[in-house]
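Residue numbers (the working numbering), protein chains in the order written: chain A, 2 to 148; chain B, 2 to 148; chain C, 287 to 369; chain D, 287 to 369. From the three backbone atoms N, C-alpha and C, an ideal C-beta is built for every residue, glycine too.
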Amino acid sequence: MRIAVQSDPFDLGKESEDFAAGHTDMGAIVTFAGVVRDIEGDTLDRMVIEHYPGMTEKALIKIASEAQERWSLGDVLVIHRYGDMRPGDRIMMVATAAPHRKDAFEAAEYLMDYLKSRAPFWKQEFTADGVEWVSAKSEDEDALGRW
Amino acid sequence: MRIAVQSDPFDLGKESEDFAAGHTDMGAIVTFAGVVRDIEGDTLDRMVIEHYPGMTEKALIKIASEAQERWSLGDVLVIHRYGDMRPGDRIMMVATAAPHRKDAFEAAEYLMDYLKSRAPFWKQEFTADGVEWVSAKSEDEDALGRW
Amino acid sequence: MKLDILYFAWVRERIGLPKEKLETSAATVMDLVEELRTREERYAMAFSDLTALRVAIDQELTDFDAALDGAREVAFFPPMTGG
Amino acid sequence: MKLDILYFAWVRERIGLPKEKLETSAATVMDLVEELRTREERYAMAFSDLTALRVAIDQELTDFDAALDGAREVAFFPPMTGG
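Shown next as structure tokens:
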């Protein structure tokens, strides 16, 4: 398991390649990357992600450990950034390696569902109209009901 | 949509990076890679994948088009190899880009479920014990019932 | 009607060739299978259990009771194992 | 009992500081919230709707009725928006 909480950008291609290369005994590799959407005509100028140093790492390790208990996994990777981000930047990624695709997919979805509403990150959007904290979505809370 | 059927290896890191970089208006990027498992002590020497030239491309385009009709997707990538493969080699990958994670995940799972049993590929394993065609698994056929 | 008949994977191995041309008046895939079965033992063997086989007409998956009207290419193969 | 109290996101902004030390005899998180509410208007504002708040004791998510026994750090923040 590797958990990284960092302000620096990460290299999605290299992280995906290295993760897969490190687990050639696993038949299935799934990755998810979350991006600050760069939408033409959108007023979003930048996004700032605040986090809770200390708790963030613990929460991510707990979520990843629970995924490893629930599914047959070779490994889990979570990278999540904080700080200043621009449209088009990658915010975070997860990767899972498993003998079979069902485990790799479900574990990645589980990680994402829990990351969304159980890891202490808060997004703030700076738009042409002002500054706003992103509200938690009820569908993200509801998504946990699946597990 | 990009569909590639090829005997050459593909670069998972570069394909993942390029796919994500080409869709910065999408918040969610999911990739799946299928690997010839390299298991210590395993007798697998190599794998040969046979396919049906002409039909393969059509089947993959059909599967990808159906995914694009069912989910809100920005794009779909499918790369599938045929020919000779060794343990640890990547057989195939899919990638999906969507505004939201649920669509990206479900579409990638759908692509994989259909690729498994509706695209004309046949795997043959060469082991220390001989040569054998891989049997279709009933759970792969059952997986289609989800959609 | 002149058809290209294609075989893949172990069907190809049992029959011993990947492709052949056939002049036939078979109305359906099933009629074509019956005709092939009577040719030689290796065909009878390959087509002994149709539940273990899949068929495509002109590169589209179909059923054994499908009509061959206008078909140019018929392919027989085991269940697919892609991904 | 001496506690570190941490605030994040708009809770931090409303209260106007990220962290403070507090000497308290509050038995539960709820007691602590009541105590904070009485301090100043900005605290009363920040804690006006507890359904919009989450709490962690020693960096573990918990509930407002959790006991503070042995706690060193209590954090208040809005629902999380990671991923």
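Cutoff 8 Å: residue i Cβ touching any chain D Cβ
| i | result |
| --- | --- |
| A:G134 | Per the sequence presented here, residue 134 of chain A reads as Trp, with Gly not at that position. By this cut-off, A:W134 is an interface position. |
| A:W148 | no |
| A:F122 | yes |
Neighbourhood of residue i by C-beta distance below 8 Å, restricted to the same chain and skipping five residues each side
| i | result |
| --- | --- |
| B:A65 | M2, I4, V77, V79 and L112 |
| D:M316 | F350 and D351 |
| A:S73 | A99, P100, H101 and D104 |
| B:G75 | H24, D26, M27, A98, A99 and P100 |
| D:I301 | Y293, R328, Y329 and A332 |
| D:L303 | Y293 |
| B:F11 | A5, I80, R82, R91 and M94 |
| C:R340 | L347, F362, F363, P364, P365 and M366 |
| C:L336 | V319 and F350 |
| B:A109 | V31, T32, F33, V95, A96 and T97 |
Interface flag, residue i vs chain A, CB-CB below 8 Å
| i | result |
| --- | --- |
| B:S139 | no |
| B:L32 | Leu is not the amino acid found at residue 32 of chain B; the sequence shown has Thr there. With 8 Å as the cut-off, B:T32 counts as an interface residue toward chain A. |
| B:L13 | yes |
| B:S73 | no |
| B:G89 | yes |
| B:A21 | yes |
| B:F127 | no |
Neighbourhood of residue i by C-beta, 6 Å cutoff - its chain only, sequence neighbours within 5 removed
| i | result |
| --- | --- |
| A:I30 | A21 and A98 |
| D:A361 | L292 and A342 |
| B:H81 | V6 and M93 |
| A:D39 | P88 and G89 |
| A:D141 | K117 and S118 |
| C:A353 | T314 |
Cutoff 7 Å; reference residue i; Cβ partners in own chain excluding five residues on either side
| i | result |
| --- | --- |
| B:D85 | R47 and V49 |
| A:A137 | S118 |
| A:E107 | W72 |
| B:T128 | T44, L45 and D46 |
| D:D344 | A357, R358 and E359 |
| B:S8 | R82, Y83 and G84 |
| D:A312 | L318, E321 and L354 |
| A:V37 | M48, M86, R87, P88, G89, D90 and I92 |
| B:Y53 | P121 |
Chain C contact for residue i (CB, 8 Å cutoff)
| i | result |
| --- | --- |
| B:G1 | Lying before the first or after the last residue shown, residue 1 of chain B is absent from chain B, which here runs from 2 to 148. |
| B:L78 | no |
| B:M113 | yes |
Anticipated Cβ contact below 8 Å, residue i with residue j, distance rounded
| i | j | result |
| --- | --- | --- |
| B:G131 | A:G35 | Between A:G35 and B:G131 the Cβ distance is about 46 Å, and since that is not below 8 Å, they are no contact. |
| C:F350 | C:V319 | 7 Å |
| D:A295 | A:W134 | 6 Å |
| D:K307 | D:K288 | 6 Å |
| B:F122 | C:M366 | 6 Å |
| A:L61 | A:A120 | 6 Å |
| C:E321 | C:T310 | 6 Å |
| B:E51 | B:Q125 | 7 Å |
| A:A68 | A:D114 | In fact, because the Cβ distance is near 10 Å, the residues do not count as touching under 8 Å. |
| B:G42 | A:E18 | No, B:G42 and A:E18 are not in contact; Cβ-Cβ is about 26 Å, not under 8 Å. |
Closer than 9 Å at the beta carbon, the chain C residues around residue i
| i | result |
| --- | --- |
| B:R119 | L347, M366 and G368 |
Beta-carbon neighbours of residue i, restricted to chain C and to distances below 7 Å
| i | result |
| --- | --- |
| B:H81 | G368 |
Chain B contact residues for residue i, given Cβ-Cβ distances below 8 Å
| i | result |
| --- | --- |
| A:R47 | The contacting residues do not exist; A:R47 stays about 14 Å from chain B at best. |
| C:F363 | Y53, P121 and W123 |
CB contact below 8 Å: residue i versus chain B
| i | result |
| --- | --- |
| A:M93 | no |
| C:A342 | yes |
Residues that residue i contacts on chain A, provided the C-beta gap is smaller than 8 Å
| i | result |
| --- | --- |
| B:R38 | T25, D26, M27, G28 and P100 |
| B:E58 | Those do not exist, as B:E58 stays about 22 Å from chain A at its closest Cβ, beyond 8 Å. |
Proximal chain B residues relative to residue i, where beta-carbon distance stays under 9 Å
| i | result |
| --- | --- |
| A:S8 | Those within 9 Å of A:S8 in chain B number zero; the least Cβ separation is about 20 Å. |
| C:F294 | E51, H52, Y53, P121 and W123 |
Chain B residues whose Cβ lies nearer than 7 Å to that of residue i
| i | result |
| --- | --- |
| A:E18 | L13 and G14 |
| A:G110 | Reading off the sequence shown, one finds Glu at residue 110 of chain A, where the question assumed Gly. Those within 7 Å of A:E110 in chain B are F106. |
Neighbour list for residue i in chain D, Cβ cutoff strictly below 8 Å
| i | result |
| --- | --- |
| A:L116 | G368 and G369 |
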